[in-house]
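S.K.:
There are 2 protein chains.
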Amino acid sequence: MLMINKNSPVPIYYQLEEIIRQQIDDGTLMPGKAIPSEREYAELYQISRMTVRQAINKLVNEGLLYRKKGTGTFVQPKKVEQVFQKLTSFSEDMIERGLVPKSKVLTFEHVPVNDLIAKSLKLENNSTALKIVRIRYADDSPMAIETSYMPADLMKDLQPEQAEESIYEFIEKNLQLKIQTAYQELEATIADEKLANLLNISEGDPVLLINRITYTSDGIPFEFCQSSFCAYRYRFINYLTR
Amino acid sequence: MLMINKNSPVPIYYQLEEIIRQQIDDGTLMPGKAIPSEREYAELYQISRMTVRQAINKLVNEGLLYRKKGTGTFVQPKKVEQVFQKLTSFSEDMIERGLVPKSKVLTFEHVPVNDLIAKSLKLENNSTALKIVRIRYADDSPMAIETSYMPADLMKDLQPEQAEESIYEFIEKNLQLKIQTAYQELEATIADEKLANLLNISEGDPVLLINRITYTSDGIPFEFCQSSFCAYRYRFINYLTR
DNA sequence: AAGTGGTCTAGACCACTCT
DNA sequence: GAGTGGTCTAGACCACTTA
């Protein structure tokens, strides 16, 4: 049996959360079937029921489990990963889809901000932003053209080589910022000549345009990003709850 | 001062949640500023700190508040509504955007299911589905063409007149089902001649195609819906968290 | 050092569902 | 009636941040 180490620095509720998660993965807990009751978990691992609830709450919030009053807690029947509704970088998204991401930096320069960028990033009108344009590949096919604007002073230590890899990684590891939320607008457009050439498609072909503003956990916007995805190769997936 | 009624059937944590929510609304609690500490709330309302945490947890999950270890709990600066990430019907969505929704039913018939429908709705291959095709208007402009498939037996009491209104309303009020989650795929396409005529646009114009499967709280799929939105008039908005 | 959120306990009573 | 999740209490110790 998977055990819980009460002396570990890892919180007990998190250990239990991982145990349940893994048992769903390996089929010990079956989709649509009830998991052990909260009191059973508390007895089994000799922990408080409130701690059990904390673990289960997180999984319910993620949509992996659902509760039925007076009946029990059940594994959500759909096994599709919720992971796509999470805020991910392009690289993380592609890896989730089983594809190999790659990037090529086309532009890496400082530019004065226009009104839209200034407003999105909450910058002064006369300030400068770092502008990065990248072709994003998946399994060596061009998947998207991505134009990012970030506050220049925040990104002063970012090297173009890092931009070929992952900017999110740089922000989280080097700047120690917590990336937390993003606001996105998605719309359908058609490719103009320039975009078509970059994406290796034809003029007039459909393109999924995503505008994203990304915020740290303090609510500070640090990136405005405009992505043009080749519609033939990419669809956007999300989950909604009522 | 807003009070908490301990004898009310309304849970205490929910009463506190509503108090905090309203104080954010009316500006008593300012964006970016700290709210009272958990211990202060507990003392103020003479309730347990765990109950306070339960109220705050919900608001943190919704993104209205955020916590900083050792520092306090703060109001998220962004005032944008989270409402668009919720599972809404077309009508609800349009009303949120300040537009007046209207529908016209083009097709209302029973059809044998094909493989995609059967798989999406978890139906047998020889069963029938109710197929409804509707033009969706916003402020009298055609916004989308929507084709829905639902299990025929489940929808046997649905009248075409109700479909002009809201099918979600019928499901929730008449069938007493809880609509809970939806899985969506969004992609960009271009309008063919037929679609262009219906949407009052030109052939080759961009169209946002949304495929949605909607589930009840028991995880049972009850609707497969394919919507073609006029890209000039509609963009999809969502929020992501890491 | 004082205050904050993070974690945890060992109980309790309630409304609900199922048999 | 037995079992379930929903709510709630009154403490406790911890790591962290700020002054």
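One line per chain: the protein sequences are A and B, in this order.
Residue numbers for the first sequence, in the working numbering: 980 to 1221.
Residue numbers for the second sequence, in the working numbering: 980 to 1221.
Note that the Cβ used here is the ideal one computed from N, Cα and C, for glycine as well.
1. List the residues that DSSP assigns as beta-bridge partners of M955 (chain A).
2. Of all the beta strand (DSSP E) runs that stay within the bounds of the segment 999-1026 of chain A, which reach a length of 3 or more residues?
3. R1113 (chain B): which of B:V1084, B:N1093, B:N984 sits nearest, CA to CA?
4. What are the partner residues of L1095 (chain B), as DSSP defines its beta bridges?
5. Give me the chain A residues within the contact set of P1185 (chain B), using Cβ-Cβ distance strictly less than 7 Å, ordered along the chain.
6. With 8 Å set as the bound, which would you pick, yes or no: does the beta-carbon of A1117 (chain B) sit closer than that to a beta-carbon of chain A?
7. Among A:D1171, A:A1175, A:Y1162, which residue has its Cα nearest to the Cα of F1215 (chain B)?
8. Which residues, taken in chain order from the segment 993-1024 of chain A, show a beta carbon closer than 9 Å to some beta carbon of chain B?
9. Please list, in chain order, the chain A residues whose beta carbon lies closer than 9 Å to that of G1042 (chain B).
10. Cα-Cα, which of A:E1151, A:Y1194, A:V1186 is closest to Y940 (chain A)?
11. Cβ atoms of V1092 (chain B) and S1106 (chain B): under 8 Å apart, would you say?
12. Who pairs with I1150 (chain B) in a beta bridge, going by DSSP?
13. Under the three-state reduction of DSSP, which class applies to M1073 (chain B): helix, strand or coil?
14. Give the residues from the segment 1197-1220 of chain A that approach chain B closer than 7 Å (Cβ to any Cβ), ordered along the chain.
15. Could you tell me which residues DSSP puts in a beta bridge with Q1163 (chain A)?
16. Taking contact to mean at least 3 C-beta pairs separated by less than 8 Å, is the segment 1147-1156 of chain B in contact with the segment 1177-1195 of chain A?
17. Does Q1163 (chain A) have its Cβ less than 8 Å from a Cβ in chain B?
18. Can you tell which of A:I998, A:D1132, A:S1068, A:K1173 has the C-alpha that lies nearest to the C-alpha of I1158 (chain A)?
19. Given A1167 (chain A), which residues of its chain have a CB within under 8 Å of its CB, disregarding the five upstream and five downstream residues?
20. Please determine, among B:E1172, B:I1169, B:I1111, the residue with the shortest C-alpha to C-alpha distance to A1142 (chain B).
21. Does V1084 (chain B) come out as helix, strand or coil in the three-state DSSP assignment?
22. Checking contacts by CB at 8 Å: is L1066 (chain B) closer than that to chain A?
23. Kindly give me the distance between the Cβ atoms of A1123 (chain B) and S1206 (chain B), rounded to whole angstroms, as I take these residues to be in contact under 8 Å.
24. Take the Cβ of D1072 (chain B) as the centre, count every other Cβ of all protein chains shown within 10 Å, and call the residue buried at 16 or more, exposed below.
25. Which of the three DSSP states is assigned to I1169 (chain B) in this structure?
26. On the three-state DSSP scale, how would you describe E997 (chain A)?
27. From which residue to which residue does the alpha helix (DSSP H) around K1142 (chain A) run?
28. Tell whether a beta-carbon distance below 8 Å holds between L1100 (chain A) and P1130 (chain A).
29. What residues in its chain sit with their C-beta under 7 Å from that of K985 (chain A), if we drop five residues either side in the sequence?
30. Which residue wins for smallest C-alpha separation from K1081 (chain A), given the options A:S1070, A:F1087, A:E1075?
31. Work out the CA separation of T1030 (chain B) and R1028 (chain A) for me, nearest whole Å.
32. I need the boundaries of the beta strand (DSSP E) containing M1129 (chain A), first residue and last residue.
33. Would a C-beta distance cut-off of 8 Å place N1217 (chain B) and N1040 (chain A) closer than the cut-off?
34. Rounded to the nearest angstrom, how far is the Cβ of I998 (chain B) from that of L981 (chain B), given a contact under 8 Å?
M.R.: Per the coordinate set shown:
1. Absent from the structure is residue 955 (chain A), since the part of chain A shown begins at 980 and ends at 1221.
2. none
3. B:V1084
4. L1095 (chain B) pairs with nothing; no bridge assigned.
5. A1167, T1168, I1169, P1185
6. no
7. A:Y1162
8. P1010, G1011
9. Q1159, T1160
10. In the structure as shown, chain A begins at 980 and stops at 1221. Residue 940 (chain A) is therefore absent and cannot be evaluated.
11. yes
12. For I1150 (chain B), which the question treats as bridged, DSSP gives no partner whatsoever.
13. helix
14. G1198, A1210, R1214, F1215, I1216, N1217, Y1218, L1219, T1220
15. A:R1191, B:N1217
16. no
17. yes
18. A:S1068
19. P1185, V1186, L1187, L1188, A1210
20. B:I1111
21. strand
22. yes
23. 5 Å
24. buried
25. strand
26. helix
27. The residue asked about is misnamed: residue 1142 (chain A) is Ala in this sequence, not Lys. Where A1142 (chain A) is concerned, the enclosing alpha helix (DSSP H) stretches over 1139-1143.
28. yes
29. I991
30. A:S1070
31. 15 Å
32. 1120-1130
33. no
34. 5 Å
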